Structure formats: C-alpha cells, structure tokens
Amino acid sequence: MYSKQRFIIFFLILISLLSGDISAQNTHLLTAHKNPKIQERLAVERKKMRASIKKEFVATLKKVVSKAHRSSEKKRSKKKKKQTRRQTSSPHEINVYKKGLLKWPIDHKKFWVSSYYGPRVLKGRKGFHQGIDMAARRGTKVTAAGQGRVVKAGYYPGYGKCIVLKHFNGLKTRYAHLNSIKVHVGQQVAAKKLIGTVGTTGHVAKSKSGISASHLHFEVYNNGRRVNPVPFLA
Ligand SMILES: [Zn+2]
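The opening residue of the sequence shown carries number 15 in the numbering used here; numbering runs sequentially from there.
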C-alpha cells in the first residue's frame, strides 16, 4: 500500500517538474520577443499556470493521503470487530445446548482413548494435544459426530487423510489419520453416517514394537478454536 502511494507522489512530482520545464522552455523561446507588453502578459500567464499546477498537485496529494487514511481506518475497525467477537464468544464457554450435542465417532466397543486433549510430552518434548486419540484397529468405521457439511476431505501433512465437518452452532469436527475417506467436499451428512475408516496416514507415532499405532485423531472446534472434545460428546 505505502509503496503504491510513494509511487503516485513521485509520479506527481515528476509531472510538476516536467510541466515547469516546458513552461520555462516556452518562456525562453518567447523572451526573444522584445515587446515589454508581451513579456508582461507572459509573466502573468506563467504565474497562473504554475498556480494551477500547484493547486492540482496539492488536491491530488490530499486525495491520495485521505484515501490511505480511510483504508487504514477500515482495517482498524475490522480488527476491533474481530476482537469484540472473540470476547463475546469465548470458545471455552460451552453453550448449554452444545453439551453432549456430538456423538462419539467410533462405536464404543471398538476403541479406547489413548491420549486426551491437553498438554503432553512426546519424545521428551513438551507439546499440546489439540484433540483426543481413539485407538482402534485399522479399518474400523468412523462416523459423523453430528449432522453437517463436509468442508475438507483429503490428504494434509501431519493429519494424513483427513475430514472436517461443519455443524451448526459454530461447531466443527476433524477426523485425522484415516485409512479411507468415504465422503467429498460439499456433501451433507447425517449424524452417525459412515465417513471413513481408522488408519495410520500422516504423522503417527510408532509403538514399541515398531508398528504404527492406528488411531483416530478427533478434534472439536467451538467458534473457530480447538477445544476439549469430551464435554461435547455423548
Ligand atoms: Zn492426536
């Protein structure tokens, strides 16, 4: 934005200098004319011309500056709006209607939770686990945690084969490390509908025996932020 502005100002200065040059050349040509009346008239015209150029230059400069000011103000107000939105809808404040709104994405007889949401240490490094890991055999059915629309379905580094569903009430769910994906972007899905199968795609830690531990990494977004999925599940 600023470089564009600078360019416009530079261009305007160039034009004003050039027009000054041209008028100087003209006067040089015309000073050959010795008539003092014409000389006087020329001087007046020259003055007028310079004044009009100056006026135009100042007017354009004002326009450019006010435009830049307006756009920066717009940006500031946008930022403020975003901040207030964040303050009014804290992701960790769970609306009473959202509690237990989502269904566990794997049949309760076929998985065990191998890692919960929260801070954890992996290979000696401190980290934060943004979802819950549900260990299950490769190929176990993964179902939609709630009614919604598929907004992502594909391979993502780290997540591997991954699906993101958008539900109502500002909720989103993510299903990662899948072995297969059974839905496509834009598709509407009902709660409990089969969407994929458990796998080991993406970044999955190996077990002591060296086998990649197949599991579903499940995340819940509340108003755009990842939160502890457990209170939402029933
Ligand atoms: Zn995980």
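Where is the CB? At the ideal position from N, CA and C, for every residue including glycine.
Small disclaimer: the values here were computed from a predicted structure and weren't measured.
Please state whether DSSP places residue i in a helix, a strand or coil.
{"i": "T215", "result": "coil"}
{"i": "T115", "result": "The question names Thr, but residue 115 is Leu in the sequence shown. DSSP places L115 in coil when its eight states are reduced to three."}
{"i": "Q144", "result": "coil"}
{"i": "P243", "result": "coil"}
{"i": "F71", "result": "helix"}
{"i": "K186", "result": "strand"}
{"i": "P50", "result": "helix"}
{"i": "V78", "result": "helix"}
{"i": "S66", "result": "helix"}
{"i": "V197", "result": "coil"}
{"i": "A149", "result": "strand"}
{"i": "S86", "result": "helix"}
{"i": "K166", "result": "strand"}
{"i": "K94", "result": "helix"}
{"i": "K220", "result": "strand"}
{"i": "K206", "result": "coil"}
{"i": "K137", "result": "coil"}
{"i": "K180", "result": "strand"}
Got a sec: does ligand 1 put a non-hydrogen atom nearer than 7 Å to the Cβ of residue i?
{"i": "H143", "result": "yes"}
{"i": "D121", "result": "no"}
{"i": "S129", "result": "yes"}
{"i": "H198", "result": "no"}
{"i": "H231", "result": "yes"}
Which word fits residue i, buried or exposed, when buried means at least 16 other C-beta atoms lie within 10 angstroms of its C-beta?
{"i": "G131", "result": "First, the residue type needs correcting, since residue 131 is Tyr and not Gly in the sequence shown. Its Cβ being crowded by 16 or more others within 10 Å, Y131 is buried."}
{"i": "P171", "result": "exposed"}
{"i": "V156", "result": "buried"}
{"i": "Y173", "result": "buried"}
{"i": "E233", "result": "buried"}
{"i": "I225", "result": "exposed"}
Less than 8 Å between CB atoms is the rule here; does residue i satisfy it with respect to chain D?
{"i": "S128", "result": "The structure shown has no chain D; it contains just one protein chain."}
Would you check whether ligand 3 has a heavy atom nearer than 7 Å to the C-beta of residue i?
{"i": "H143", "result": "By its list of ligands, the structure shown excludes ligand 3, since it contains just ligand 1."}
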